[in-house]
Amino acid sequence: MDAILKGLTESQTQAVTHIDGPLLILAGPGSGKTRVVTHRIAYMISQGVSPSQIAAVTFTNKAADEMRTRVGQLAPGKPVWMGTFHRFCAQLLRRYAPLVGLSENYSIYDTSDSKQAMKRAIAAANVSTSHTSPEQITSIISSAKNRLVTPEMMLSASSRTGDAVAAKVYPVYQQQLLTANAVDFDDLLFHVAIMLRNNPELRQDLDSRFRYILVDEYQDTNLAQYAIVRGLSINNANLAVTGDPDQSIYGWRGADLNNILDFEKDYPAVKTVRLEQNYRSTPNILRVADQLIRHNQKRKQKDLYTHNPEGDPVVLRMYEDGYQEADGIADEIANAIRVEGMRPRDFAVLCRMNALTRSLEHSMRSRGLPYQIINGVEFYQRKEIKDLLAYLHLINNPNHDVAFQRVVNVPTRGIGAKTVERLRRYADVNQVPMLQAARDVYQIEGIAKRSATFVTRFVELYDRLSKKASATLEDLLRYLVDETKYEAFLEKSSVDQQDSSAIGNVDEFISAAVEFDRQHPEDGTLEAFLEQVALVADTDAFEDSDDRVTLMTLHAAKGLEFPCIYIVGVEQGLLPHSRSMDTDAGFEEERRLLFVGITRAMQRLQLSVCKRRTVRGDTRPAVPSPFLNELPLDELKKVESTVDRDWFDDDPDAHGGYPESWDLPDEGDASSVDDSGPTVHESAATAYDEACQLPEAELAEMAATKKRKSAQVS
Ligand code: ATP
Ligand code: MG
């Protein structure tokens with residue numbers, strides 16, 4: 097136990113040794129919140145709490161892995177459940193799937209699968225997309241799910257055009273997912289939250305099964321996540337959450353700051369611990385972070401101090417363009433490694449959007465600097481991997497229509513788009529999966545005999561493959577590649593596409609299967625493998641044992657730390673992102689994003705801007721971000737002759753006007769800020785609590801707090 101408490105500060109110790117009852121750890125970056133969670137789990141075990149009663153929810157799988165290792169060292173023994181919300185829900189849902197109309201072998205659709213399904217739902221719902229794009233519909237439905245709005249609720253509530261269109265698509269989309277025995281990412285949370293709400297006995301069972309729940313980065317939970325945690329902590333309110341409202345950066349994904357701000361009201365018996373000593377950064381870095389975040393209106397000031405040495409001043413550098421920026425940074429890193437004995441893994445370059453990493457990659461490569469880009473999903477998005485995965489999905493779940501459509505004619509076997517369309521229509525009309533439609537092919541009008549023969553051959557192939565479903569993953573995959581003659585298909589098609597890496601990727605995929613078999617000698621089912629692949633998050637590819645420079649987005653950097661940080665492209669339109677500038681909430685979230693970036697740095701930090709910026713071939717004059725003006729400029733080391741104070745005065749005319757917005761299509765980073773805010777949150781949360789039959793007293797308390805709060809507001 098000495099090892100568990102040794103070296104902790106007084107307040108950290110208080111948090112670590114608090115076992116029963118709600119606990120809120122509210123503190124700024126680098127103050128040891130994550131460390132406290134880890135040590136607290138170890139402490140609880142040392143005090144006799146059974147590991148099987150503890151669940152720890154982290155923001156990434158990687159954070160969970162780290163925590164597992166550390167807890168294992170401090171308190172060896174049975175493992176504690178640790179993982180992301182999505183993984184937690186995926187596993188619960190696997191057990192209780194029938195309660196929400198699924199079966200246990202349900203599939204998890206990835207983003208591109210969901211996109212396909214959405215396209216089909218929009219067509220089947222027969223709505224016009226001339227005023228509301230498919231992307232808007234998707235985003236409205238996603239945000240509805242994050243707020244636990246069901247299709248019925250949405251139909252009765254929507255009046256605005258976009259919402260009304262989405263409301264028509266939503267039930268069709270959900271029905272299609274159910275028919276396909278599939279869920280999208282939002283559904284994982286949505287189904288579990290609704291399941292807990294509708295099944296009081298199950299809720300109570302799970303509440304006692306997970307007697308102790310810990311949630312790190314609670315400031316970024318959305319309503320669905322809130323409801324799940326709440327539902328599991330009513331009878332046993334041993335819920336510990338950590339958070340920093342200044343680091344809430346997922347508003348565009350429905351995260352609701354009120355979850356943490358209201359924690360003390362939701363759990364009146366709470367013990368609140370504030371940590372004020374920062375162990376991560378130099379005073380120089382902390383001051384810059386503090387000055388910046390003070391500009392947010394909606395926040396409470398927190399004071400952080402550190403005993404770390406003063407360190408170097410923060411650097412603000414101006415480059416001519418993005419290529420010079422990339423070269424300059426790569427040169428500096430190479431130099432620091434050569435002269436100062438630093439390691440590549442000491443450096444991270446952070447940017448607002450993935451698109452900015454391209455020139456950085458080039459510069460790193462040309463200097464022989466090892467680097468890694470954190471974009472874990474990429475491998476599984478490659479065409480050949482998606483093909484093979486789709487086969488596996490279909491073997492695991494014959495109702496998986498997206499997978500069916502992907503592989504029915506891959507490798508090419510004479511089944512044309514028209515035939516597939518007829519199968520789809522038959523499936524829609526009869527509400528059966530498309531594989532069933534394929535079995536019924538001779539009953540479907542308009543499909544030529546020849547095509548029907550090809551379809552039947554596909555069904556026969558499928559049946560052969562399914563017989564292998566319970567073999568080891570390696571055997572199944574090798575059999576699949578052989579039976580479909582997939583490599584020959586790749587060889588043929590790669591001649592035109594000049595893509596010789598495809599076969600290498602197939603080999604890598606087989607290696608992943610071998611590794612999975614090795615790690616799961618007992619429970620290595622196809623289902624478990626597919627679940628693992630589906631839940632690979634951006635940051636999971638990150639291996640800090642690898643000695644490489646890390647390139648990643650600011651969002652992905654959350655919770656991490658590096659000795660040296662470079663933040664590139666601190667420019668108007670990029671940071672703040674053009675799509676976030678219209679609302680105060682959006683703008684403040686961008687400021688928090690920069691704050692998160694700055695506070696990742698331990699010893700050195702550089703922020704940079706360019707005079708010109710080229711993104712996707714388009715070059716425009718760039719303007720420094722208004723956030724730079726908010727920093728203590730006198731303290732910063734400004735480099736490049738072109739950088740003088742005038743540049744940072746917020747006068748657009750001084751430098752030829754602001755560029756129009758970049759308006760870049762960027763997969764993960766679309767900032768659609770949800771302003772529906774506290775009203776939805778409160779009413780839905782109250783509705784949830786009512787459904788869970790909270791004790792009268794607590795309800796009364798909640799109502800009283802709500803009144804107090806509205807009195808404060810007005
Ligand atoms: P963030 O808000 O960025 O997630 P955090 O509050 O979770 O930060 P940690 O990552 O837990 O902070 O801790 C930051 C760093 O400080 C880590 O390297 C951690 O090991 C170190 N640290 C925290 N507390 C102590 C302590 N009492 N003694 C020594 N080092 C500490
Ligand atoms: Mg942390």
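The sequence shown runs 97 to 810 under our numbering. Glycine is no exception: its CB is placed at the ideal position from the N, C-alpha and C atoms. Note that the coordinates shown come from a computational prediction; the quantities given were computed from them, not determined experimentally.
Three-state class that DSSP yields for residue i in the structure shown
| i | result |
| --- | --- |
| Pro440 | helix |
| Gly669 | strand |
| Met178 | strand |
| Ala99 | helix |
| Lys733 | strand |
| Lys654 | coil |
| Ser704 | strand |
| Val112 | helix |
| Asp714 | strand |
| Lys545 | helix |
| Gly258 | helix |
| Gln699 | strand |
| Thr687 | Correcting the residue identity first, residue 687 is Arg in this sequence and not Thr. Here Arg687 sits in helix by DSSP. |
| Gly527 | A small correction: the amino acid at residue 527 is Gln; Gly does not occupy that position in the sequence shown. Correct three-state label for Gln527: coil. |
| Thr738 | Note that Thr738 has pLDDT 46, beneath the 50 cutoff, so the model's placement of it is unreliable and no number is given. |
| Pro659 | strand |
| Lys367 | strand |
| Ala787 | Residue placement at Ala787 cannot be trusted, given a pLDDT of 36 that sits under 50; what the coordinates show is reported in the next sentence. Of the three classes helix, strand and coil, the one that applies to Ala787 here is helix, per DSSP. |
| Ala333 | coil |
| Arg709 | strand |
| Met677 | coil |
| Met449 | coil |
| Tyr582 | helix |
| Tyr346 | coil |
CA-to-CA distance, residue j to residue i, given in whole angstroms
| i | j | result |
| --- | --- | --- |
| Gly117 | Val133 | 15 Å |
| Thr165 | Met178 | 11 Å |
| Arg439 | Val602 | 33 Å |
| Leu104 | Gln110 | 9 Å |
| Leu576 | Val245 | 41 Å |
| Pro296 | Asp303 | 10 Å |
| Met449 | Leu647 | 11 Å |
| Arg709 | Asp680 | 26 Å |
| Arg509 | Val445 | 46 Å |
| Ser607 | Asp571 | 11 Å |
| Val705 | Met414 | 5 Å |
| Glu106 | Pro379 | 21 Å |
| Ala584 | Thr549 | 22 Å |
| Glu231 | Arg644 | 36 Å |
| Ala333 | Arg299 | 13 Å |
Nearest residue (CA-CA) to residue i, options the options
| i | options | result |
| --- | --- | --- |
| Val719 | Ile137, Gly669, Leu101, Ala219 | Gly669 |
| Pro267 | Ala217, Pro125, Glu372, Gln315 | Ala217 |
| Arg521 | Ala219, Ser566, Pro617, Gly510 | Ala219 |
| Arg478 | Pro728, Ala548, Asn431, Glu604 | Glu604 |
| Leu284 | Leu353, Gln373, Cys185 | Cys185 |
| Val504 | Ala171, Ser547, His287 | Ser547 |
| Phe443 | Glu200, Ser255, Asp427 | Asp427 |
| Leu531 | Val525, Phe500, Gly620 | Phe500 |
| Arg675 | Trp348, Tyr202, Thr156 | Trp348 |
| Ile204 | Gln149, Phe155, Lys215, His287 | His287 |
| His673 | Phe723, Ala652, Lys654 | Phe723 |
| Leu727 | Ile389, Glu313, Ala213 | Ile389 |
| Gly682 | Val506, Phe155, Ala351 | Ala351 |
| Gln468 | Thr649, Val735, Lys241, Ser239 | Thr649 |
Residue i CB to nearest heavy atom of the ligand FAD below 6 Å
| i | result |
| --- | --- |
| Tyr375 | Among the ligands in the structure shown, the ligand FAD does not appear; only the ligand ATP and the ligand MG can be found there. |
is_contact[residue i, chain C] using C-beta, thresh 7 Å
| i | result |
| --- | --- |
| Ala534 | Given the protein chain composition of this structure (a single chain), no chain C is represented. |
Self-check item: Inside the region 370–409 only - alpha helix (DSSP H) runs reaching at least 4 residues
Solution: DSSP runs (the alpha helix (DSSP H)) wholly in the region 370–409: 379–389.
Exercise. Assess, as a yes-or-no matter, whether the region 306–314 is touched by the region 143–163 under the definition of 3 or more beta carbon pairs within less than 8 Å.
Key: yes
Practice problem: Would you be able to state if there are at least three C-beta pairs under 8 Å between the region 481–499 and the region 556–566? | Solution: yes
Quiz item: Pairing CB atoms from the region 322–339 with CB atoms from the region 292–299, are three or more of them under 8 Å?
Solution: yes
Exercise. Run through the region 247–330 for me and flag every whole alpha helix (DSSP H) of 4 or more residues, listed as ranges in chain order.
Key: For the region 247–330, whole alpha helix (DSSP H) runs of length 4 or above, ordered along the chain, are 247–253, 257–275, 281–294, 296–305, 319–327.
Quiz prompt | contact_flag[the region 654–673, the region 693–707] where n(CB pairs < 8 Å) is 3 or more | solution = yes
Practice problem: Kindly provide the ranges of any beta strand (DSSP E) runs that are 3 or more residues long and lie completely inside the region 464–534, ordered along the chain. | Solution: Within the region 464–534, the complete beta strand (DSSP E) runs of at least 3 residues are 467–469.
Quiz prompt | Sufficient close CB pairs (3 or more, under 8 Å) joining the region 683–691 to the region 338–349 | solution = yes
Quiz item: Is it true that the region 403–421 meets the region 607–626, where meeting means three or more beta-carbon pairs spaced less than 8 Å apart?
Solution: no
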